[in-house]
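For the sequence shown, the residue numbers in the numbering used here are -6 to 363.
Each residue gets a CB set at the ideal place from its N, CA and C atoms; glycine is no exception.
What follows is one structure encoded as structure tokens, with my remarks underneath.
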Amino acid sequence: MRKLIAILTITITFVLTSCARGSNDDNSAREQTNPTDFAKGADVGWLSQMEAEGKKFYAADGKETDCLELLKSYNINSIRLRVWVNPTGGWCNKADVVAQAKRAAVLGMRIMIDFHYSDSWADPQKQTKPAAWSNYSVQELTNAVAEHTKDVLQALKNARVTPEWVQVGNETRNGMLWDEGAVWVWDANPANKPDNMSNYVAFSNAGYDAVKSVFPSAKVITHLDNGYDNDLFTRFFNDFKAKGGKWDVFGMSLYPSYYDANYAADKVGTCNIVLAKCIANINALIATYGKPVMICETGMPWDDAPTAKSFISKLLKGCEAINEGQCLGVFYWEPEGFFDWSRYSLSAFDNSGKPTAALEAFRLPLHRDI
-6 MRKLIAILTI TITFVLTSCA RGSNDDNSAR EQTNPTDFAK GADVGWLSQM
44 EAEGKKFYAA DGKETDCLEL LKSYNINSIR LRVWVNPTGG WCNKADVVAQ
94 AKRAAVLGMR IMIDFHYSDS WADPQKQTKP AAWSNYSVQE LTNAVAEHTK
144 DVLQALKNAR VTPEWVQVGN ETRNGMLWDE GAVWVWDANP ANKPDNMSNY
194 VAFSNAGYDA VKSVFPSAKV ITHLDNGYDN DLFTRFFNDF KAKGGKWDVF
244 GMSLYPSYYD ANYAADKVGT CNIVLAKCIA NINALIATYG KPVMICETGM
294 PWDDAPTAKS FISKLLKGCE AINEGQCLGV FYWEPEGFFD WSRYSLSAFD
344 NSGKPTAALE AFRLPLHRDI
């Protein structure tokens, strides 16, 4: 009788344990990544469109391979996906983002969601309101930001995907949702600076609060370009903070080839200058504000893989070595978007669909890997 009871106890324990492991959307089949790890990331918003148009990806040996699995083989552990409101063709809309995020989550990859609050690209040169929001008042825009953010994140939650980071706006040094949310902090002359920071803060905070309402543990990123420019970041965040702006993580873009016209003449020298200024900026921001930093975007010319590999390697090592892990990681922007398809020159795949040597930088060991 005792043996029978013991056998039944073991059997029940096994069944309960198995059910618990399998109850969360087959999490037992997923490979898990430690959330304290340094994020080695890639923005792959183009991927589903490329696949729909028949583009293939190949390992170095010529074997056709799923793109996300291929990126993971290069030690990329995190994926970034942009969200547009009502984009032409549907790419990067809610459904597309959820589908791509589910694929990445099944591979154990960490997720960053990047809200543009536009129907297309948002960056320092353009922050166009979604067409459906074009006649909204400031209050209506604030409500729309909150509702759109919650809607997309709730869809991810329903799909059992938990993003670790969420960007509220993309490269917003000039604000977002123009003209109501336009700011030009780069110009110190008040006559040339629209005084819409309060509106921008209202929009940004609406996104921040919406993120926390769905995923309380997600880290909200406020993202600017030119990560080497401490004056830009200091001026922007001093004003943003003074007007009540909320954020958890500084986000940066960093593209050495866009730094100045001297890049072509002295690639290595320019890369070293950009890197040194960026690391100094990261340390200064951490010291001043006590918040961590993420390199949300970087990229190098695809047809100069040796220089790209060298720079990305130095960037990864320099960021990972920041005191007490306060630089959270580095994301390569659209490495899979090879030039013949995208006309984008800073990817990390060649025109045959194979990774260039630039991605080898992600395989090099960092301090935390040793």
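Candidates the options, of which the one nearest residue i by Cα
i	options	result
cysteine 271	Leu308, Val207, Pro294	Leu308
glutamine 120	Gly330, Leu146, Gly174	Gly174
tryptophan 171	Asp188, Ala350, Arg73	Asp188
alanine 52	Glu329, Leu339, Arg336	Glu329
threonine 291	Trp158, Asp333, Arg336, Glu164	Glu164
glutamine 93	Val76, Asp144, Thr81	Val76
leucine 278	Val91, Tyr221, Leu146, Ala195	Tyr221
lysine 236	Lys205, Asn265, Ser191	Ser191
threonine 215	Val161, Asn274, Phe332, Pro117	Val161
glycine 47	Gly346, Phe324, Val194	Gly346
isoleucine 104	Phe324, Tyr252, Ser41	Phe324
lysine 133	Ala195, Lys234, Ile315	Reading off the sequence, residue 133 comes out as glutamate, not lysine. Checking every option, the nearest Cα to that of glutamate 133 belongs to Ala195.
threonine 142	Leu217, Tyr129, Val176, Asn86	Asn86
leucine 359	Gln319, Glu313, Phe332, Asn344	Glu313
methionine 102	Lys205, Arg73, Gly168	Arg73
serine 338	Val78, Tyr248, Thr281	Tyr248
valine 267	Phe304, Cys289, Pro294, Thr281	Phe304
serine 123	Lys95, Lys239, Met169	One point to set straight first is that residue 123 is proline, not serine, in the sequence displayed. Proline 123 has its Cα closest to that of Met169, out of Lys95, Lys239, Met169.
threonine 349	Gly318, Thr300, Trp334	Thr300
methionine 382	Ala97, Thr263, Gly318, Asn274	Residue 382 falls outside the range modelled here, since the chain spans only -6 to 363, and no answer is possible.
glutamine 118	Leu149, Asn167, Leu100	Asn167
tryptophan 177	Val207, Thr135, Ala139, Asp232	Asp232
alanine 273	Ala88, Asn223, Val37	Asn223
asparagine 327	Trp126, Thr58, Lys33, Gly38	For the record, residue 327 in the displayed sequence is glutamate; it is not asparagine. Cα-wise, what sits closest to glutamate 327 is Gly38.
Which residues DSSP lists as bridging residue i, in chain order
i	result
alanine 32	Gly322
aspartate 107	Arg75, Gln160
glycine 168	Ala175
glutamate 57	Tyr51
aspartate 348	Contrary to the premise, residue 348 reads as proline rather than aspartate in this sequence. Answer by DSSP bridge pairing, in chain order: Phe342.
Helix, strand or coil at residue i according to DSSP, with G and I counted as helix
i	result
methionine 190	helix
alanine 175	strand
alanine 340	For the sequence presented, residue 340 should be read as serine rather than alanine. Correct three-state label for serine 340: coil.
glutamate 24	With a pLDDT of only 44 at glutamate 24, under the threshold of 50, the placement of this residue in the model should not be trusted; the figure read from the coordinates follows. Glutamate 24: coil per DSSP, three-state reduction.
glycine 15	Only weak support is given to the placement of glycine 15: the predicted model assigns it a pLDDT of 36, under 50, and the value that follows is read from those uncertain coordinates. Glycine 15: helix per DSSP, three-state reduction.
threonine 135	helix
glutamate 44	helix
lysine 65	helix
aspartate 116	strand
threonine 121	strand
serine 206	helix
tryptophan 84	coil
asparagine 70	coil
asparagine 151	helix
glycine 200	helix
valine 37	coil
leucine 357	coil
glutamate 327	coil
leucine 100	coil
serine 335	helix
glutamate 313	helix
Cβ of residue i within 8 Å of any chain D Cβ
i	result
alanine 175	In summary, chain D is missing from the structure at hand, where a single protein chain is found.
| query | If you pair each beta-carbon of the stretch 275 to 295 with each one of the stretch 226 to 243, do three or more pairs fall below 8 Å? | reply | yes
task: Write down every uninterrupted run of the alpha helix (DSSP H) in the stretch 211 to 240 whose length is 4 residues or greater and which is fully enclosed by it, in chain order.
output: 223 to 235
Given 8 Å, three or more beta-carbon pairs between the stretch 217 to 230 and the stretch 196 to 204: no
(message) Ignoring anything shorter than 4 residues, give me the alpha helix (DSSP H) runs that lie fully in the stretch 242 to 311, in order along the chain.
(response) 260 to 282
- Given 8 Å as the limit, is there contact between the stretch 341 to 355 and the stretch 60 to 73, that is, 3 or more CB pairs closer than that? Yes: the two stretches touch, three or more of their Cβ pairs being nearer than 8 Å.
Could you tell me whether the stretch 107 to 121 touches the stretch 149 to 157, using the rule of 3 or more Cβ pairs below 8 Å?
No, because fewer than three Cβ pairs between the stretch 107 to 121 and the stretch 149 to 157 fall closer than 8 Å, the two stretches do not touch.
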